[in-house]
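Just so you know, we're using my numbering here: the sequence shown kicks off at 28 and counts up by one. Beta carbons are placed, not taken as given, at the ideal position from N, Cα and C, and that holds for glycine. A short worksheet on the structure shown next.
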Amino acid sequence: MEISNADLTSIFNVVTSQNKWMVDLHMFTAAICTIIFIVVAGLLVAIIGKFKTPENDDGSEPRQVRGNVRLEIVWTAIPLLIVIVLGVLTAIVMLVVNPAVGSKKPDLIVVGHQWWWEYQYPKYGVTTANEFYLPLGKNSLVEVRSADVVHSFWVIAFGQKMDAIPGHPTNMWIHPTKKGLFLGTCSEYCGAQHGLMRIIANVVSPEDFETWIKAQAVIPAVSEDATVLKGKELFNAATCVQCHRVAGNPDAQALIGPDLTHLAQRKTLGAGVLENTPENLAKWMQNPQTFKPGINMPNMRLTDADAHSIAVYLESLK
Ligand code: CUA
Numbered sequence: 028m029e030i031s032n033a034d035l036t037s038i039f040n041v042v043t044s045q046n047k048w049m050v051d052l053h054m055f056t057a058a059i060c061t062i063i064f065i066v067v068a069g070l071l072v073a074i075i076g077k078f079k080t081p082e083n084d085d086g087s088e089p090r091q092v093r094g095n096v097r098l099e100i101v102w103t104a105i106p107l108l109i110v111i112v113l114g115v116l117t118a119i120v121m122l123v124v125n126p127a128v129g130s131k132k133p134d135l136i137v138v139g140h141q142w143w144w145e146y147q148y149p150k151y152g153v154t155t156a157n158e159f160y161l162p163l164g165k166n167s168l169v170e171v172r173s174a175d176v177v178h179s180f181w182v183i184a185f186g187q188k189m190d191a192i193p194g195h196p197t198n199m200w201i202h203p204t205k206k207g208l209f210l211g212t213c214s215e216y217c218g219a220q221h222g223l224m225r226i227i228a229n230v231v232s233p234e235d236f237e238t239w240i241k242a243q244a245v246i247p248a249v250s251e252d253a254t255v256l257k258g259k260e261l262f263n264a265a266t267c268v269q270c271h272r273v274a275g276n277p278d279a280q281a282l283i284g285p286d287l288t289h290l291a292q293r294k295t296l297g298a299g300v301l302e303n304t305p306e307n308l309a310k311w312m313q314n315p316q317t318f319k320p321g322i323n324m325p326n327m328r329l330t331d332a333d334a335h336s337i338a339v340y341l342e343s344l345k
């Protein structure tokens, strides 16, 4: 599916069982607040009308009213009851949405970086970046980490936000109930490009998930095309390999920047900055700072021809 067709949505577009609980609680709370508003506003209007100053007002003090025990008990008990009900329901929803993890191992580890997301599937030995997949109908345990500063992982239609805190992994459960492509963003200010730290979440059938994850574990073949080979040589000779990993390329095993093993499969470059095409990749490599000022990837000062060759190599990695 194309990003332009993605469910940008709102938190009210419920696509996980966790978000169903959260939205239901939200709507229930909103309903109670609406009733309180109508009662209070109605009484206010009625009282203003009923007790307005009469035509023949003689200016004397109105009749003075002192305490009324029964009334005071009622108007203390009703709000107390409402607060207790909402408090208990909130606690229940929190326990249902985020139950204890126990000794369960995460299905997906999300690592926030300035300014991109790393996704590891430890059970499959797969690492990818900026775009991840989850199987429909399975409650996946997601561990959220940070490699530098505090970020917050938020796929809007999944409802929950989870902070990525350095040195303190957090957990969330995601049980998708609808297939589709859902977008998210970092939602904790983390520096200049906080707004360009986009998340692409693909929810697919369990069979399609298996197909996808198995394909990720396969080392992509490098074609014998001259431009591809030239690109690979340049990639290995330049400083690219000091930050990036490409499985099957022994020179490129660094884990500082995004894993580029299957770069060609991704929809965007730079965590949502550019559409992933060879032309855009060449422009991006020539000066990423133009597109995302402040990112850790330097201007590589590549010639047009060299950038083109490296782009052709990386875009051959399906
Ligand atoms: Cu990462 Cu804001």
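request  = For the beta strand (DSSP E) holding Trp144, just list the boundary residues, first then last.
outcome  = Within the sequence shown, residue 144 is the residue found at index 117, counting from 1. Start and end: Trp143 to Tyr148.
ask   = Going by Cα to Cα distance, which pick from Gly129, Pro320, Asn314 and Val339 is closest to Leu329?
value = Walking along the sequence shown from the start, residue 329 turns up at place 302. Nearest of Gly129, Pro320, Asn314 and Val339 to Leu329, Cα basis: Asn314.
message = Which residue wins for smallest C-alpha separation from Ala291, given the options Tyr148, Val72, Lys47 and Ala242?
response = Counting from 1 along the sequence shown, the entry for residue 291 is found at position 264. Answer by Cα proximity: Ala242.
query = What are the start and end residues of the alpha helix (DSSP H) that includes Gly258?
reply = The residue given as residue 258 occupies position 231 in the sequence shown. Residues Ala253 to Ala264.
query = Within 7 Å: the Cβ of Met189 and any heavy atom of ligand 1?
reply = Counting from one through the sequence shown, the residue named residue 189 turns up at place 162. Incorrect: Met189 has no Cβ contact closer than 7 Å to ligand 1.
task = With DSSP as the reference, label Ala191 as helix, strand or coil.
result = Here residue 191 corresponds to residue number 164 of the sequence shown, with the count starting at 1. The answer is strand: DSSP assigns Ala191 an E or B state.
ask   = Going straight from the alpha carbon of Gly353 to that of Asn125, what length do you get?
value = Limits of the chain in this structure are 28 at one end and 345 at the other, which puts residue 353 out of reach.
ask   = So, do the segment 161-179 and the segment 190-203 have three or more beta carbon pairs nearer to each other than 8 Å?
value = Between the segment 161-179 and the segment 190-203 there are three or more C-beta pairs closer than 8 Å, enough to call the two in contact.
message = If contact is defined by three or more beta carbon pairs under 8 Å, each pair taking one atom from either stretch, is the segment 50-59 in contact with the segment 213-221?
response = No, they do not touch.
inquiry  = Just to confirm, is the Cβ distance from Met224 to Ala156 under 8 Å?
reply    = As a first step, residue 224 is located in the sequence shown; it is residue number 197 there, counting from the start. As a first step, residue 156 is located in the sequence shown; it is residue number 129 there, counting from the start. Not closer than 8 Å, so no.
request  = Please name the residue in Lys132, Ser343 and Pro277 whose C-alpha comes closest to that of Ala151.
outcome  = Position 124 of the sequence shown holds residue 151. Looking at the sequence itself, residue 151 is Tyr, so the reference to Ala does not match. Among Lys132, Ser343 and Pro277, the Cα nearest to that of Tyr151 is on Lys132.
Nonlocal neighbours in the same chain, by C-beta distance under 8 Å from Ile240, ignoring five residues either side = Counting from one through the sequence shown, the residue named residue 240 turns up at place 213. Around Ile240: Tyr148, Tyr151, Val153 and Tyr160.
Nearest to Leu282 (by Cα), restricted to the options Glu82, Val339 and Glu145 = By one-based count along the sequence shown, residue 282 stands at place 255. When only C-alpha atoms are compared, the closest one is Glu145.
ask   = Is the CB-CB distance between Ala191 and Val182 below 8 Å?
value = Against the sequence shown, residue 191 aligns to sequence position 164. Against the sequence shown, residue 182 aligns to sequence position 155. No, they are not a contact pair.
ask   = Is Glu347 near ligand 1, with its Cβ less than 7 Å from a heavy atom?
value = The structure shown has nothing for residue 347, since the chain only spans 28 to 345.
Assigned exposure category for Pro285 - 16 Cβ within 10 Å defines buried = Locating residue 285 in the sequence shown gives position 258, counting from the first residue. Buried is the call here.
ask   = Taking C-beta to C-beta, are Ile59 and Asn46 nearer than 8 Å?
value = Taking the first residue of the sequence shown as 1, we reach residue 59 at position 32. Taking the first residue of the sequence shown as 1, we reach residue 46 at position 19. In this structure, Asn46 does not lie closer than 8 Å to Ile59 by Cβ.
query = Are there 16 or more other CB atoms within 10 angstroms of the CB of His335, so buried, or fewer, so exposed?
reply = Here residue 335 refers to the residue found at position 308 of the sequence shown. A residue is called buried when at least 16 other Cβ atoms come within 10 angstroms of its Cβ; His335 meets this threshold and is buried.
ask   = Looking at C-alpha atoms only, which residue of Gly222, His221 and Pro233 is the closest neighbour of Gly207?
value = Your numbering for residue 207 matches position 180 in the sequence shown. Looking from the CA of Gly207, the closest CA among Gly222, His221 and Pro233 belongs to Pro233.
ask   = I think Lys345 touches Pro247, with their Cβ atoms under 8 Å apart; what is that distance to the nearest whole Å?
value = Within the sequence shown, numbered from 1, the residue matching residue 345 stands at position 318. Within the sequence shown, numbered from 1, the residue matching residue 247 stands at position 220. Taking the Cβ atoms as the reference, Lys345 lies roughly 6 Å from Pro247, within the contact range of under 8 Å.
query = Are Leu301 and Phe318 close, meaning C-beta to C-beta below 8 Å?
reply = Residue mapping note: residue 301 aligns to position 274 of the sequence shown, counting from 1. Residue mapping note: residue 318 aligns to position 291 of the sequence shown, counting from 1. Going by C-beta atoms, Leu301 is nearer than 8 Å to Phe318.
key: Unbroken beta strand (DSSP E) run spanning Arg172, endpoints   = Locating residue 172 in the sequence shown gives position 145, where the first residue counts as 1. Note, Arg172: beta strand (DSSP E), Ser167 to Ser173.
key: Paired residues, beta bridge with Arg272 - DSSP   = Walking along the sequence shown from the start, residue 272 turns up at place 245. Looking at the DSSP assignment, Arg272 forms a beta bridge with Gln280.
key: Top-ranked residue by Cα proximity to Trp48, from Phe185, Trp143 and Arg93   = To locate residue 48, count along the sequence shown from 1; it is residue 21. For the residues Phe185, Trp143 and Arg93, the minimum Cα distance to Trp48 belongs to Phe185.
task = Compute the distance between the beta-carbons of His271 and Trp142, then report whether it is under 8 Å.
result = As a position in the sequence shown, residue 271 is number 244, starting the count at 1. As a position in the sequence shown, residue 142 is number 115, starting the count at 1. No, the Cβ-Cβ distance between His271 and Trp142 is not below 8 Å.
Assigned exposure category for His289 - 16 Cβ within 10 Å defines buried = Position 262 of the sequence shown holds residue 289. His289 counts as buried, since no fewer than 16 other beta carbons sit within 10 angstroms of its beta carbon.
ask   = Would a C-beta distance cut-off of 8 Å place Pro203 and Val42 closer than the cut-off?
value = Looking up residue 203 in the sequence shown gives position 176. Looking up residue 42 in the sequence shown gives position 15. In this structure, Val42 lies closer than 8 Å to Pro203 by Cβ.
query = Going along the chain, which residues of its own chain have a beta-carbon closer than 6 Å to the beta-carbon of Gly211, five neighbours each way excluded?
reply = Start at 1 with the first residue of the sequence shown, and residue 211 comes out as number 184. Answer for Gly211: Trp181, Val182, Ile183 and Ile226, listed in chain order.
query = Between the beta-carbon of Pro162 and the beta-carbon of Phe209, is there less than 8 Å?
reply = The sequence position of residue 162 within the sequence shown is 135, counting from 1. The sequence position of residue 209 within the sequence shown is 182, counting from 1. No; because the gap between Cβ atoms is not below 8 Å, this pair is not in contact.
ask   = With burial defined as no fewer than 16 other Cβ atoms inside 10 Å of the residue's Cβ, what is the status of Val115: buried or exposed?
value = Taking the sequence shown and counting its residues from 1, one reaches residue 115 at position 88. The residue in question, Val115, is exposed, as its Cβ has fewer than 16 Cβ neighbours within 10 Å.
query = Excluding sequence positions up to five away, which residues of its chain have a Cβ less than 6 Å from the Cβ of Met189?
reply = In the sequence shown, the residue the question calls residue 189 occupies position 162. Excluding positions up to five away in sequence, the list reads Val171, Phe180, Thr197 and Met199.
query = Do we get a CB-CB distance below 8 Å when we pair Cys270 with the residues of chain B?
reply = The structure shown contains no chain B, having only a single protein chain.
query = With DSSP run on the structure shown, which of helix, strand or coil describes Phe180?
reply = For the purposes of this step, residue 180 is identified with residue 153 of the sequence shown, where counting begins at 1. DSSP places Phe180 in the strand class (E or B) of the three-state scheme.
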